C-alpha cells in the first residue's frame, strides 16, 4: 500500500503526477469531463488528469490552480499546455495533447522548477493535494471520422459542455461504430448546422466507450439547439439513434464548463 508521502512524491511530474505510466496501470475511475481543441496539429491523443476536489476545498484549490497557471504564463513555458474543465460534482480535468506514448515520460514541471525552484513548485502542488483524496490519469482519442464538424462550426465562446458517454461490450465494437457513423450520415444529409465531437476511451480506461461532446454558451442554448435539430432530423432520428442505444451497455450524461481562467496555452 502506498504511503501518503509516496503518493505526494508521485504527484510532481506529469500535470500533477510524477510517474504517469505506473499510475495508469492501477486506475479504475472512468473519464467524466474534458474539453479538447484541435488547433495543435490536429492532435488525436490526449492525456487527462482528473482531481476529485472536495466541495469545501474548491475555493482554495482554484486559487492554487490559478497561481500555477499564472506562473507558466509569466515565463511563457513551452514544455506544457492544458485545457481545464470542471464538472458539476467537483471534478477538475486537465487535458494535454500528446504525439505518442513516449511523451508520458516528459517532466512538464521541469521548466517551472528551473525558474522558481523545486520548493516553490512542490508547495503549490502539495496545496492542491490537500484539496482532494483521489485523482486519476488516462488517455483518450479524438475520432475525426465519427465527429460531425460542418463548415463554419466552432466551439469558440461556447464554454458549456454536455458529454454523452456510450459504453459498449468489445464484441460490439464494429457494429456500434457503424451505428454512430450512421448518425453522422443523417446529420450530413439533413444539413444540421451545429456539430459535435466524438472521442474514444484509451489506455487507462477500464471500459470501452464513445463520448459525444456538445458545446454551447449555456445549458439553455444546448436545449434550444436540441429542439431545432430534432425537428430537422425528422422521423429518421429515432430509428437511427435506437441502433446505437441497442448496442450500448450503459449511458451517462455529464455537464461541465470549460475554464479558460485555469487553462494554459504558451505564446508562439
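Residue numbers (my numbering): 536 to 803.
Glycine included, every Cβ here is placed at the ideal spot set by N, Cα and C.
Source: prediction; values computed, not measured.
In terms of Cα proximity to residue 590, the closest of 772, 742 and 665 is 665.
Inside the stretch 737–798, DSSP marks whole beta strand (DSSP E) runs of 3 or more residues at positions 744–751 and 783–793, from first to last along the chain. In the structure shown, residue 697 falls within a strand segment according to DSSP collapsed to helix, strand and coil. Rounded to the nearest angstrom, the gap between the Cα atoms of residue 667 and residue 600 is 13 Å.
Counting along the chain, the unbroken beta strand (DSSP E) around residue 583 starts and ends at 580–588.
Exclusion of the five residues before and after residue 740 leaves 673 as the residues of its chain whose Cβ lies within less than 6 Å of its Cβ. Taking C-beta atoms as the reference points, residue 607 and residue 676 fail to come closer than 8 Å. With respect to residue 783, residue 678 sits apart: the two C-beta atoms are not nearer than 8 Å. Residue burial is scored here from C-beta neighbours: residue 661 has fewer than 16 other C-beta atoms within 10 angstroms and is therefore classed as exposed.
DSSP places residue 671 within a strand segment (E or B) once states are collapsed to three. Following the DSSP letters along the chain, one finds residue 610 inside the alpha helix (DSSP H) bounded by residues 593–610. The residue among 779, 619, 801 and 714 with its C-alpha nearest the C-alpha of residue 795 is 619. In the DSSP assignment, residue 643 falls outside any beta strand (DSSP E) and carries neither an H nor an E. A direct Cα-Cα distance of roughly 47 Å separates residue 610 from residue 713.
A direct Cα-to-Cα measurement between residue 604 and residue 779 gives close to 40 Å. In the three-state DSSP reduction, residue 801 falls in the coil class, being neither helix nor strand. When beta bridges are read from the DSSP output, residue 632 appears opposite 581. With fewer than 16 other beta carbons inside 10 angstroms of its own, residue 652 counts as exposed. Residue 717 and residue 775 have their C-alpha atoms roughly 7 Å apart. Put simply, the backbone Cα of residue 636 is about 10 Å away from that of residue 738. Here residue 699 has 747 and 788 as same chain residues with Cβ atoms under 6 Å from its own Cβ, once five neighbours each way along the sequence are excluded.
Between residue 730 and residue 799, the CB-CB gap reaches or exceeds 8 Å.
Taken atom to atom, the span from the alpha-carbon of residue 688 to that of residue 728 is near 7 Å.
If you compare the alpha carbons of 771, 624, 628 and 612 with that of residue 797, the shortest gap goes to 628. Here residue 693 really is in contact with residue 751; their C-beta atoms are around 5 Å apart, less than 8 Å.
Beyond the five residues adjoining it in sequence on each side, residue 764 comes within less than 6 Å, by CB distance, of 727 in the same chain, given in chain order.
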